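Every position in the sequence shown, counted from 1, becomes a number in my numbering once 263 is added.
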Amino acid sequence: MARLRDGMESMVRGETPPPPAATLIGMRLESFADGEALVALDATAAHANPMGTVQGGVLAAVADAAMGWALMTTLGENESYTTLEVKVNFLKPVRAGRLEAHGRVKSAGRTVSLVECDVLSGGKLVAHGVSTCMTLRGEQATGR
């Protein structure tokens, strides 16, 4: 777990770049604690769908990232994870501005974990995500 946390701390400090998908979208890991992570995105017109609101896939990606980083804080050495399912409820449209995705581990099982996320804009809930993840060990975790 120390290796994963070290990488996350380095990313928060800006010493190492975020994963390519995060860079493409413009999201960043801002902070984390045991079982929690905060991901931020400054949404612009570049994130919009044809109606001028932030594309649902962008909101889902930010929620997925927050949930993944939250789960990573619970993993042991030589463990990894994979997402089995993600569900996102879109509650309010967002046009632009700072989005904050607050991911938290709801239940960390030995193999299967449940993680959830609130996505906020201006302090208001705009989306809620839930993810089911599987912890990988041994050969399954090698190279991930």
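Quick reminder that beta carbons are idealized off the backbone N, C-alpha and C, glycines included.
Because the structure is a prediction, the values reported are computed rather than measured.
Per DSSP, cross-strand counterpart(s) of residue i
| i | result |
| --- | --- |
| A309 | Answer is none; A309 lacks a bridge partner. |
| S376 | A371 and C396 |
| T346 | C396 |
| D381 | H365 and H391 |
| N341 | BP columns for N341 are empty, so no partner. |
| L322 | BP columns for L322 are empty, so no partner. |
Among the options, nearest to residue i - alpha-carbon criterion
| i | options | result |
| --- | --- | --- |
| E342 | C396, L292, V325 and A285 | C396 |
| K350 | E363, A285, R276 and V378 | V378 |
| C355 | G372, G289, R291 and H391 | Note that residue 355 is Lys in the sequence shown, not Cys. Cα-wise, what sits closest to K355 is H391. |
| F353 | D269, A303, V325 and Y344 | V325 |
| A296 | V321, L338, P280 and N312 | L338 |
| D305 | M271, L287, T279 and P313 | L287 |
| A364 | V393, L383 and M274 | L383 |
Neighbourhood of residue i by C-beta, 6 Å cutoff - its chain only, sequence neighbours within 5 removed
| i | result |
| --- | --- |
| R400 | E342 |
| M335 | L267 |
| T307 | A359 |
Coarse secondary structure for residue i, derived from DSSP in three states
| i | result |
| --- | --- |
| D269 | helix |
| E278 | coil |
| V357 | coil |
| M290 | strand |
Closer than 8 Å to chain D by CB, residue i
| i | result |
| --- | --- |
| L304 | Absent from the structure: chain D. Only one protein chain is present. |
Beta-carbon proximity list for residue i, same chain, < 8 Å, skipping 5 on both sides
| i | result |
| --- | --- |
| Q403 | S343 |
**Q.** Given 8 Å, three or more beta-carbon pairs between the region 321-339 and the region 361-371
**A.** Yes, they touch.
Q. Quick check: the region 357-366 against the region 311-322, are there 3 or more CB pairs under 8 Å?
A. Touching, yes.
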